[in-house]
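Per full-length UniProt numbering, the very first residue in the first sequence carries number 1; after that it's consecutive.
Yeah, the Cβ is synthetic: ideal placement off N, Cα and C, and Gly gets one too.
For clarity, every value in this text was computed on a predicted model and none was experimentally measured.
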Amino acid sequence: MSICSGSESVGDGGAQKLQLKAHSTIAEPQSKGCPSPSTRKITEKIEVNCLSDSTIEFLTLSMLQAPRGRIHCLANFCWESFHNTSSTRVNNSSFKPLASTYGIEGGYSRRWTRRPMTTKTDGRNMTNPAAKPSNLVRKILDEKVSRSTALNLNKKEEITEHQQLQYCGIKQMIAENKDLVDLVTFIIYDTETSGLSRKDDRIIEIALQDLSGGENSTFQSLVNPGRNVANSRVHGIKTNMVRRPDVPRMEELIPILLQFVKSRQKPEGYILWAAHNGFAFDLPFLINEFSRCSYEIPPNWLFMDTLSLARELMKSGGSKLPSGTSLKALREHYRIPLVGSAHRAMSDVRTLAMILQMLTFDLKLSLPNLVTRSFTASEYVNKKRKKS
DNA sequence: GGCCCTCTTTAGGGCCTT
1 MSICSGSESV GDGGAQKLQL KAHSTIAEPQ SKGCPSPSTR KITEKIEVNC LSDSTIEFLT
61 LSMLQAPRGR IHCLANFCWE SFHNTSSTRV NNSSFKPLAS TYGIEGGYSR RWTRRPMTTK
121 TDGRNMTNPA AKPSNLVRKI LDEKVSRSTA LNLNKKEEIT EHQQLQYCGI KQMIAENKDL
181 VDLVTFIIYD TETSGLSRKD DRIIEIALQD LSGGENSTFQ SLVNPGRNVA NSRVHGIKTN
241 MVRRPDVPRM EELIPILLQF VKSRQKPEGY ILWAAHNGFA FDLPFLINEF SRCSYEIPPN
301 WLFMDTLSLA RELMKSGGSK LPSGTSLKAL REHYRIPLVG SAHRAMSDVR TLAMILQMLT
361 FDLKLSLPNL VTRSFTASEY VNKKRKKS
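Structure, rendered in structure tokens:
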């Protein structure tokens with residue numbers, strides 16, 4: 001498993017280009033290897049994961065060429081968040097173990113300081129399985145953050161009914177709050193799976209990108225499904241890339257994922273997750289994996305689906321519409337260059353991050369609009385139960 | 001599986017995700 005720190009931002013303005021380039025030069029120390037609770041050896045490596053020059057050029061040009069009105073409020077949200085992050089980050093370039101800032105109780109400091117924590121696991125890069133674990137993972141293991149203790153917010157039995165009601169009840173308040181920038185973290189996510197069956201197949205890769213950007217704004221990892229991958233032709237992820245002891249299983253990855261998201265969360269804030277066809281595909285997979293590993297999806301996580309936005313755009317009429325609502329059709333419609341391989345999680349995340357901003361502009365949607373269309377995982381499950 | 005559309009709701013087919 002390799003741990004990587006990513007510096008990315010999707011927003012507006014030439015100044016941001018400078019910020020992007022400045023952050024993209026930050027390098028993190030290298031360390032590897034991580035014994036899991038089950039004594040498996042997991043290779044760890046800290047890397048920098050930054051936007052390619054072509055992507056930066058595209059973002060900059062697309063925003064600079066747009067008229068003033070083109071700079072939509074969602075882009076402003078990203079931009080403001082980016083600046084907020086930059087101005088409040090205590091230590092911008094150093095790697096910090098999470099436990100030192102969260103404490104064993106998992107609580108937050110009153111002052112919002114984002115902890116660097118981005119994970120990248122890629123079987124292709126595992127060249128030194130005998131290396132030592134990264135500071136991050138070693139610290140997590142030392143503090144027993146995995147399923148046993150520290151993440152008391154996320155264990156099933158530890159989420160109280162009061163917490164559920166509190167978060168569900170406050171959702172309407174979020175939608176009405178004019179200053180959502182200080183409350184919401186916008187995360188684009190994508191999963192690659194061993195197949196299309198929500199019941200029988202497993203997640204084999206997951207990628208996240210915090211839209212507010214900045215240092216350590218991405219999370220990427222392969223996942224060991226404990227079974228063969230039969231659909232490698234789709235995403236290029238083969239069985240021998242994931243079914244190996246140095247690739248984490250989901251139960252090992254979830255604690256790290258939770259810590260990453262917490263590191264991006266604002267004080268008493270919410271996470272707004274967006275995926276393409278997420279309600280029908282990615283979210284059910286995520287819910288199943290969390291449930292199988294005895295974890296609860298935090299009640300302050302809200303989920304939305306960009307496919308519904310694309311369908312809404314198609315219904316809106318007009319002469320310049322995409323040829324379809326697939327990610328590929330939308331990418332071609334908005335002339336977004338493909339970075340990396342399509343159908344790899346991080347590549348699709350980067351594409352969707354740009355598509356989302358285009359969609360919200362075309363549909364004239366603001367952040368409150370998006371929040372009101374979102375669901376918590378429990379709301380989604382209840383809705384599904386009622387339908388069935 | 002969920003959503004949407006239509007030759008529709010007492011249904012069926014297509015799209016989207018891997």
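Legend entry - Residue range of the unbroken beta strand (DSSP E) whose run includes D190: 184–193
Legend entry - Continuous beta strand (DSSP E) stretch holding D210: start and end: 203–210
Legend entry - Contact check, Y334 vs M358, beta carbons under 7 Å: yes
Inset, instruction - Quick one: grab the DSSP three-state call for L302. - result: strand
Legend entry - A353 versus H235, T376, F186, N369, residue with shortest Cα-Cα distance: F186
Legend entry - Environment of S341 [buried if 16+ CB atoms lie within 10 Å]: It counts as exposed.
Inset, instruction - Using alpha carbons as the reference points, say which of A207, I256, T193 lies closest to D201. - result: T193
Inset, instruction - Determine the direct distance from the alpha carbon of S308 to that of T372, and round the result to whole angstroms. - result: 13 Å
Inset, instruction - Hey, could you find the ends of the alpha helix (DSSP H) Y380 is sitting in? - result: Y380 -> alpha helix (DSSP H) spans 377–387.
Legend entry - Start and end residues, alpha helix (DSSP H) containing A353: 345–362
Legend entry - Nearest to N224 (by Cα), restricted to the options V339, I254, T218: I254
Inset, instruction - Report the partner residues of I254 according to the DSSP bridge assignment. - result: None; I254 has no bridge partner.
Inset, instruction - Could you say which of I188, F375, R385, T376 lies nearest to A275 if we only look at CA atoms? - result: I188
Inset, instruction - Kindly indicate the opening and closing residues of the alpha helix (DSSP H) around L367. - result: 367–372
Inset, instruction - Give every residue of the same chain whose Cβ lies closer than 7 Å to the Cβ of L330, excluding the five residues on either side of it in the sequence, and list them in chain order. - result: Hits under 7 Å: A310, P322, I355.
Legend entry - Local conformation of F260 per DSSP, three classes: helix
Legend entry - Chain-order list of residues whose beta-carbon lies under 6 Å from that of V349 (same chain, five-residue window excluded): I188, D190, A207, Q209
Legend entry - Beta-carbon proximity of G324 to D305, cut-off 7 Å: no
Inset, instruction - Using a threshold of 7 Å, state whether the C-beta atoms of I287 and A377 are closer than that. - result: The Cβ atoms of I287 and A377 lie closer than 7 Å to each other.
Inset, instruction - Could you tell me the boundaries of the beta strand (DSSP E) in which S221 lies? - result: 218–222
Inset, instruction - Check each candidate in M250, V181, N240 and name the one with the smallest Cα separation from S291. - result: M250
Legend entry - Bounding residues of the alpha helix (DSSP H) (the contiguous stretch that carries A329): Counted as a single uninterrupted DSSP element, the alpha helix (DSSP H) harbouring A329 occupies residues 327–333.
Legend entry - Distance, F281 Cα to E312 Cα: 19 Å
Inset, instruction - Would you kindly work out how many angstroms separate the C-alpha atoms of F219 and F361, rounded to a whole number? - result: 26 Å
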